[in-house]
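The block underneath contains the structure these notes are about, expressed in C-alpha cells.
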Amino acid sequence: MNTHIIGYHTTRFGELWEKSLFDLVEESIIGVLKDAKCDIKEIDAIFFGNMLGGVLENNLHAGAKIADIFGLTIPIFRTEAACASGGIALHLAHEYIKNQPGKTVLVVGAEKMTDVQPEIITQGLMSAASGEEQESGLTFPGLYALMARVYMKQFRYERKHLATVAVKNHAHGILNPTAHFRRAITIEQALKSSIVADPLGLLDCSPVSDGAAALIITSDDARSKKSKSISILSSQTATDSISLLQRKSLIELKATQIAAKKAYIEAQITPDRINIAEVHDCFTIAELFAMEDLGFWKKGEAGKRASQFETLLENKGPLIVNTSGGLKASGHPVGATGIKQVGELYLQLTGQADKRQISNARYGLAHNVGGSGGTAVVTIVGV
Amino acid sequence: MISPVKVWRRQKTIRDLLGKKGTILSWTKIFTPPPQFKHIAPYMIAYVKLENKRTVCAQIVDVQDIDEITFGTKVVITLRKLRESVAEDVIPYTIACKKYE
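Heads up: the protein sequence lines correspond to chains E and A, in order.
The opening residue of the first sequence carries number 5 in our numbering; numbering runs sequentially from there.
The opening residue of the second sequence carries number 733 in our numbering; numbering runs sequentially from there.
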C-alpha cells in the first residue's frame with residue numbers, strides 16, 4: 005500500500021508584515037484543502053512544523069491554536085528540528101499513515117521571522133546550536149563559514165565557486181511566483197556583497213523570510229485517484245551532534261549521508277535516477293555539501309561542477325536542482341522550507357511547475373537539514 | 733538578565749580550559765552579531781584543537797587582522813569578559829584564545 009501526496013499550497017515567501025504566524029498557517033491550510041479538493045472533515049490528523057514560535061513570540065501549543073481556527077478536535081502535533089522542522093513534520097506524518105490504510109493527514113510548516121530586528125533573529129536561530137557555540141558569539145553564517153573555509157582550502161576553491169550556487173538559484177527564483185527574491189544576481193555582485201561571516205558574503209546566505217506551505221498525504225488508494233497524486237517512495241531521517249565541535253569532518257554532513265543511503269534503499273533506486281531535487285542551500289556552501297553527501301557528485305567535485313551550472317534548469321541536464329529558487333532565492337521561513345521542497349517536487353512530477361517545469365520528471369528528492377547538520381531528512385517521491 | 737546560576741554552572745568547565753594550548757582548525761570573522769556581542773563586532777572566532785584532543789570554539793583576541801590567522805596557528809586559551817552586563821547582573825567571563833609563539 006502506497007502513500008500519496010494529493011495536494012500542495014504555499015503562501016508567498018518574503019516580508020509579509022500584514023500576516024501573523026497563524027494567519028499564514030490558516031492561509032496555507034485553506035489553500036491546500038482547495039488544491040486537493042478535500043473537506044477538512046476528511047483530515048484525520050495535522051502535523052505542524054515550526055521552529056521559532058516559542059523563542060520569538062511566546063507562541064506555543066500550536067495544536068490547540070490550529071484547532072481553534074478551524075473548529076477541530078482531531079490530533080494535531082507540532083514538530084521542531086530547527087530548519088528541518090518541516091521535513092520532520094512530513095516524516096512523522098508519513099510514519100503515522102504508512103501501513104495504515106484509509107488515513108489522510110495534512111502537514112503544514114510555517115515561520116514568522118520579520119517582526120524582529122536582525123540581531124534577535126540571529127540569536128533565535130542559534131538556539132539550534134550548542135551552548136558553547138552560542139556562548140562564543142557564533143552565528144549560523146559563522147558556523148557554515150567555518151566549514152566553507154576548510155572545504156575551500158582542501159579542494160582549492162574560491163568564493164566565486166560558491167557564488168555560482170546563488171546565481172543559479174536566483175535564476176530559478178525569477179520563474180517562481182511565490183519566491184522571496186525574483187531577480188537575477190551575478191557572480192560579481194555576490195563577490196562584492198558585504199561579508200557576513202568571512203568568507204561568506206550577503207549573497208551566500210539565505211534570507212530571513214515569512215511564509216507557510218502545506219501538503220495533504222493519504223494512504224487511501226481510492227482517495228488518491230481523485231486528485232493529481234504522486235507516491236512517497238521513502239522518507240528517512242538521521243541525526244548527528246548538534247555541535248560542529250564533535251564532528252570528525254568539517255567538510256560533510258554525516259546526517260545527510262546516512263538519511264540519503266537509507267532513503268535510496270527504501271525507495272529501491274540509485275542517485276543517478278533522480279531527475280529533480282530540492283536541497284538545503286541555507287548557505288551556498290551547504291548546496292555543495294548536499295550534492296556530495298546525497299551521492300550526486302564525488303567528494304570535492306561540487307565546487308567545480310556547480311561552477312559549470314550543471315543543475316541549472318536552462319541547461320537541461322539529467323538532474324536539475326532547486327527550481328523553487330532554493331532557500332537562497334525562494335526564501336527560508338524555517339518551518340515551511342521542508343514542506344515547500346516536497347511541494348515543489350509535487351508540482352514538477354504532476355506537470356504543474358509552469359515556467360520551471362522540467363521534462364520527464366519521474367523521481368524527485370528533497371533534502372532538509374536542521375542546524376549545522378544535527379538533523380537531516382531525505383524524502384524521495386515518484387510517479 | 734544574565735542568569736547567575738548558569739554562569740556559576742559554567743565556571744568549572746571554563747577553569748579546566750584556561751591556559752590550555754592548541755592549534756586553529758578553522759576561523760571566521762562575524763559581522764552580524766547577536767545582541768549581546770553587538771558592542772565588540774566585528775570579531776573573530778576560531779575552532780581550536782587543544783593538546784588534549786578536545787575541540788573548543790573561542791573568540792580570537794589581541795589580533796588586529798584576519799590575515800594574522802591561518803590553519804595551524806598556535807593559540808592559548810585565556811579568560812575574557814566578552815559580554816556586557818547591566819545594573820546588578822553577574823559579569824560573565826568566558827574563554828577566548830590568543831596567539832602565542
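Glycine included, each C-beta is placed from N, C-alpha and C at the ideal position.
Asked	Found
What's the call for A/LEU750, buried or exposed, on a 16-neighbour Cβ count within 10 Å?	exposed
Just the Cα atoms here: how many angstroms apart are E/GLY177 and A/CYS829?	42 Å
Give me the Cβ distance between E/ILE221 and E/VAL381, rounded to the nearest whole Å; I'm assuming they're in contact under 8 Å.	In fact, because the Cβ distance is near 14 Å, the residues do not count as touching under 8 Å.
Starting from E/PHE51 and walking both ways along the beta strand (DSSP E), at which residues does that stretch end?	49 to 53
Pair every Cβ in the stretch 311 to 320 of chain E with every Cβ in the stretch 344 to 354 of chain E, then say whether three or more of these pairs are closer than 8 Å.	no
Run the proximity test for E/LEU64: is its beta-carbon closer than 7 Å to any non-hydrogen atom belonging to the ligand SAM?	You won't find the ligand SAM in this model; it holds no ligand whatsoever.
For E/ILE197, I'd like the list of residues in its chain whose CB is within less than 7 Å of its CB, leaving aside the five on either flank, ordered along the chain.	One point to set straight first is that residue 197 of chain E is Ser, not Ile, in the sequence displayed. Around E/SER197: GLY205, LEU206 and LEU207.
Where do the N-terminal and C-terminal ends of the beta strand (DSSP E) with E/ARG82 fall, by residue?	80 to 83
To the nearest angstrom, how far is it from the Cα of E/ILE457 to the Cα of A/ARG741?	A query on residue 457 of chain E cannot be resolved here, the shown segment of chain E reaching from 5 to 387 and no further.
Tell whether a beta-carbon distance below 8 Å holds between A/PRO767 and E/ILE124.	yes
Residues of chain E with CB under 9 Å from A/TRP740, in chain order?	Within chain E, no residue comes near A/TRP740; the closest Cβ sits about 14 Å away, beyond 9 Å.
Is there a Cβ of chain A sitting closer than 8 Å to that of E/VAL154, yes or no?	yes
Could you tell me which residues DSSP pairs with E/SER89 in its beta bridges?	Partner(s): none; E/SER89 has no beta bridge.
Cutting at 6 Å between CB atoms, please list the residues of its own chain near E/GLN361, excluding the five before and the five after it.	none
From the DSSP output, in three-state form, read off A/GLN791 for me.	strand
Using a Cβ-Cβ cut-off of 8 Å, state whether E/GLY75 counts as contacting chain A.	no
Name the two residues that bound the continuous alpha helix (DSSP H) containing A/ILE798.	No alpha helix (DSSP H) holds A/ILE798; DSSP gives it neither H nor E.
At what residues does the alpha helix (DSSP H) containing A/TRP759 begin and finish?	Looking at the DSSP string, A/TRP759 is not in any alpha helix (DSSP H); the run it does join, the beta strand (DSSP E), is 753 to 762.
Can you list, in chain order, the stretches of the beta strand (DSSP E) that have 3 or more residues and sit fully within the stretch 8 to 62 of chain E?	49 to 53
Would you mind listing the alpha helix (DSSP H) stretches within the stretch 176 to 219 of chain E that are 4+ residues and don't spill past its ends, in chain order?	191 to 196
Between A/VAL793, A/HIS771 and A/VAL807, which lies nearest to A/THR755 when the distance is taken from Cα to Cα?	A/VAL807
For E/LEU150 versus A/THR760, is the C-beta spacing smaller than 8 Å?	yes
Give, in chain order, every residue of the stretch 299 to 323 of chain E whose Cβ lies closer than 7 Å to some Cβ of chain A.	none
Residues in the same chain with beta-carbon distance under 6 Å from E/PHE144, minus the five sequence neighbours each way, listed in chain order, please.	LEU129
Helix, strand or coil for E/LEU254, going by three-state DSSP, please let me know.	coil
Quick one: what does DSSP say E/VAL111 is sitting in, helix, strand or coil?	strand
Could you give the residue range of the beta strand (DSSP E) that holds E/LYS323?	The question names Lys, yet the displayed sequence has Leu at residue 323 of chain E. It is not in any beta strand (DSSP E) - E/LEU323 carries neither H nor E in the DSSP assignment.
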